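Worksheet: one structure, shown below.
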Amino acid sequence: MTLNFDPRAKATTLYHGEFRPMFIGGKWVAAQSGDVMQALNPATGEVLATVPRGGAADIDAAVAAARAAFEGPWSKFSPYERQCVLLRIADLFEKHWEELSVSDTLDMGLPITRTLANRRRVIGMLRFYGGMATALHGEAIDNSIPGEIVTFTRREPVGVVGAIIPWNAPTAASIWKIAPALATGCTIVLKPSEDASLTPLLIAKLMQEAGVPDGVVNVVTGTGAEAGARLAEHPDVNKIVFTGSTLTGQAIARAGVTNLKRVSLELGGKSPIIVCRDADIDKAVPVAAMAVFVHSGQICIAGSRLFVAREIHDEFVRRVAEFAGKLRIGHGIEAETEIGPLINARQAGKVEGYIKAGSDEGARLVAGGSRLTGELYDGGNFIAPTVFGAVSDKMTIAREEIFGPVISAMPFDTLDEVVARANATPYGLAAGIFTTNLGTAHKLARRIKAGSVWVNMYHAIDPAVPFGGMKMSGYGREGGIEHLHEYLETKAVWIQTD
Ligand code: NAI
Ligand code: MG
1 MTLNFDPRAK ATTLYHGEFR PMFIGGKWVA AQSGDVMQAL NPATGEVLAT
51 VPRGGAADID AAVAAARAAF EGPWSKFSPY ERQCVLLRIA DLFEKHWEEL
101 SVSDTLDMGL PITRTLANRR RVIGMLRFYG GMATALHGEA IDNSIPGEIV
151 TFTRREPVGV VGAIIPWNAP TAASIWKIAP ALATGCTIVL KPSEDASLTP
201 LLIAKLMQEA GVPDGVVNVV TGTGAEAGAR LAEHPDVNKI VFTGSTLTGQ
251 AIARAGVTNL KRVSLELGGK SPIIVCRDAD IDKAVPVAAM AVFVHSGQIC
301 IAGSRLFVAR EIHDEFVRRV AEFAGKLRIG HGIEAETEIG PLINARQAGK
351 VEGYIKAGSD EGARLVAGGS RLTGELYDGG NFIAPTVFGA VSDKMTIARE
401 EIFGPVISAM PFDTLDEVVA RANATPYGLA AGIFTTNLGT AHKLARRIKA
451 GSVWVNMYHA IDPAVPFGGM KMSGYGREGG IEHLHEYLET KAVWIQTD
C-alpha cells in the first residue's frame with residue numbers, strides 16, 4: 001500500500017521517552033504519588049514515553065471533576081451545543097488522523113495501514129453520535145387512570161461514566177465510550193490499558209481543543225489493579241463501560257455492586273467460522289485467515305474456531321496455511337507490514353503455551369508455530385501466524401481465548417452438528433458463515449448464539465449497527481441507538497391537569 005506520508009518520519013516527531021501527563025478536570029497532571037509507568041513499543045521494546053501511574057487518589061479526583069462538570073457547566077449545554085462539540089471533535093480527528101494512527105501503531109503494534117484504515121469507522125462514530133445528540137426524546141404515554149392525568153417519559157443522562165478499555169484498539173475504544181457519553185450529556189473518566197495509554201492522552205488534547213468543558217472528559221492512566229479497580233468500585237460513578245477479558249469483566253461487575261452502578265461489558269470470545277461445502281472458497285480463505293491474523297489474533301472477535309465441511313477440510317486448511325505463510329510480519333510502522341507483534345512478552349509467552357498445548361494434545365500443526373527471531377524481530381514479541389488442523393472440540397486450543405495468531409481448524413459433517421458444536425462454548429460474541437446457499441445462511445444465522453453474525457464476510461463494524469456479546473461475552477450493546485440507551489435513564493413524569 002502506498003501512503004501519502006512517511007509514517008517512520010512522523011513517528012520520529014511523536015515520542016522521545018519524555019513524560020506525558022494525564023488529564024483530570026482540564027489540567028495536565030502527574031499521579032499524586034509521583035509514580036510513572038513506561039509506554040513501550042511492542043515491536044522493538046523501546047520506551048516511547050513515560051506516563052503517570054495513577055491510583056485511587058487520582059481516580060477520586062477525576063470522578064470529582066466529572067461530577068462537578070456534570071452538575072455544572074455541561075448540564076447547561078443544549079443538545080445542539082453537544083452536537084457541535086462532537087462534530088468539532090470529528091473535524092479535529094480528520095486533521096490529526098495520521099498522528100493518532102502512528103501513535104497507536106507505535107504503542108500497540110497494529111500495522112499503520114490498519115490503524116489508518118479505521119478512519120471512517122472512528123470519525124463516523126463521532127459524527128453518528130453527534131447526529132444522535134439532537135435526536136434523543138422521551139414519549140407521551142396514554143395511561144388508564146381515571147381523571148385528567150398526563151404521563152410522559154424523559155431520557156436523562158445516567159451521570160458520571162467510568163470507561164475501562166484494553167490495549168488492542170485504543171482510539172476506536174476511547175471514542176466508542178466517549179462519543180455516546182457526550183451525545184447524552186454524561187461525563188466520563190477513561191482508564192486506558194497500561195499497555196496502550198498514549199493515544200488516549202492525544203485524544204484528551206483534541207477534546208480540550210474542541211471546547212469540551214473541563215471535567216467532561218478525563219483520562220487517568222494507570223494499572224487495572226490500582227486505577228481500574230478504584231473506578232469500578234467508586235460510589236459516585238453511575239455506570240461502568242468495559243471492554244476486555246471475561247475474568248476482569250467479572251471482577252468489574254462484582255465491584256459495581258457497591259453502589260449498584262450500571263455495568264456494560266464487551267468481553268472475550270471463541271468465535272466460530274463455519275465454511276460450508278458450497279462456500280466460495282477463493283473468497284472464504286483470506287477472510288477466514290484474517291478473521292484471526294488481522295491483529296496477530298488480538299481482537300475480541302477473532303474467528304479462532306474454524307469449522308470446515310469435511311469434504312473440503314484438508315484443501316481449505318492447506319490454503320489457509322499457505323495464506324498464513326505469505327503474510328509479511330514486521331514493524332507496524334512500515335507500510336508493507338501486514339502483521340505486527342503481540343503486545344508484550346507476557347502475552348507472547350501465553351500464546352506460545354497454547355501452541356505447545358495444541359501440539360501436545362495431538363493437533364496437526366500446518367503453519368507457523370514458533371516465535372520469530374532475527375534482526376528484524378529483536379526486542380519485539382513476534383509469533384508466526386499459526387494454523388492447526390485436525391483439532392478436536394475438547395482440546396485447549398479449541399476452547400480457550402488465545403488472543404494470539406492461532407487458528408484451530410476442525411471438520412464437520414452436518415449443519416445440525418456444526419450448530420451444536422459452534423454453540424458449545426461459554427462465549428457468544430461473533431460468528432462467520434460461508435455458504436452460497438441463501439437458506440443455509442439464514443438457518444445458521446438464526447441458530448448461532450452470538451451478538452454479531454457475518455455471512456460471506458467478517459469484521460464489519462458500523463456506528464449505526466449494534467455490537468456486543470451474549471453469554472460470557474458480556475452484556476450491553478455498543479453502536480446504534482441501543483448504545484445510547486446504555487447511557488440514559490428513563491424518568492416517568494405524571495401531571496394531574498384538572
Ligand atoms: P484485562 O481485561 O485485564 O484488561 C483490560 C482493561 O481492564 C485494562 O485497562 C486493565 O488495566 C483493566 N483492568 C484489569 N484488571 C482490572 C480490575 N480488577 N478492575 C478494573 N480494571 C481492571 O486484559 P489484559 O490484562 O490486558 O490481558 C489479559 C488477557 O485478557 C489477554 O491475554 C486476553 O486473553 C484477554 N483480553 C481480551 C480482550 C478482548 O477484547 N476480548 C481485550 C484484552 C484482553
Ligand atoms: Mg505500548
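Just so we're aligned: the sequence shown equals residues 1 to 498 in UniProt numbering. From the three backbone atoms N, C-alpha and C, an ideal C-beta is built for every residue, glycine too. For clarity, every value in this text was computed on a predicted model and none was experimentally measured.
DSSP state of F77, grouped into three classes? coil
Kindly indicate which three-state DSSP category L100 falls into: helix, strand or coil? helix
Among all the DSSP beta bridges, which residues are the ones paired with K191? I164
Hey, would you say N218 sits closer than 7 angstroms to V189, going by beta carbons? yes
Assumed close pair A196, D107 - CB separation to whole angstroms, cut-off 8 angstroms: 5 angstroms
So for E489, helix, strand or coil by DSSP? strand
So, using beta-carbon positions, are A117 and G215 closer together than 7 angstroms? no
Just to confirm, does D236 get its C-beta within under 6 angstroms of one of the non-hydrogen atoms of ligand 2? no
On the DSSP letters alone, give me the boundaries of the alpha helix (DSSP H) that K205 sits inside. 198-209
Should I274 and F323 be called a contact, given that it needs their Cβ atoms to be closer than 7 angstroms? no
So, at 8 angstroms on beta carbons, what are the nonlocal neighbours of R399 in its own chain, with the 5 sequence-adjacent residues on each side left out? K270, D393, T425
Restricting to Cα atoms, I'd like to know which of T134, M37, G480, V237 is closest to F467. G480
Comparing alpha-carbon positions, which option in G25, A348, V493, V366 lies nearest residue 555? Not covered by the structure: residue 555. The range shown for the chain is 1 to 498.
Which of the three DSSP states, helix, strand or coil, is assigned to F382? coil
With P52 as the anchor, note down where its beta strand (DSSP E) starts and where it stops. 47-52
So, using beta-carbon positions, are D104 and V220 closer together than 7 angstroms? no
With DSSP as the reference, please indicate the residues paired to S370 in a beta bridge. Paired residues: none, contrary to the question.
Around ligand 2, which residues pass a check of Cβ closer than 6 angstroms to any of its heavy atoms? A39, L40, P42, D107, M108, D195, A196
What separation, rounded to the nearest whole angstrom, lies between the Cα atoms of V419 and A445? 10 angstroms
Starting from the N-terminal side, write out each stretch of the alpha helix (DSSP H) that is 4 residues or longer and does not extend beyond the stretch 372-453. 396-399, 415-423, 438-447
Nearest-angstrom beta carbon gap, L372 and I383 [assumed within contact, 8 angstroms]: 7 angstroms
Evaluate W494 with the Cβ neighbour count: other Cβ atoms within 10 Å of its Cβ, from every protein chain shown; 16 or more gives buried, anything less gives exposed. exposed
List the endpoints of the continuous alpha helix (DSSP H) containing V122. 119-132
Put L247 into one of helix, strand or coil per three-state DSSP. helix
Name the residue from D498, A492, A11 whose alpha carbon lies nearest to the alpha carbon of E139. A492
Residues sharing a beta bridge with T151, DSSP: I141, W494
Using the Cα positions of P385 and G72, report the straight-line distance between them to the nearest angstrom. 52 angstroms
Which residue's Cα is closest to the Cα of Q496: F242, L206, D142? D142
Taking only runs that begin and end inside the stretch 327-371, name each unbroken alpha helix (DSSP H) of 4 or more residues, in chain order. 345-360
Check whether the Cβ atoms of R20 and D35 lie closer than 7 angstroms to each other. no
For the stretch 6-65, which segments carrying the beta strand (DSSP E) assignment without a break, of at least 3 residues, lie completely within its bounds, in sequence order? 22-24, 27-29, 36-40, 47-52
When every heavy atom of ligand 1 is checked, does at least one fall within less than 6 angstroms of the C-beta of I240? no
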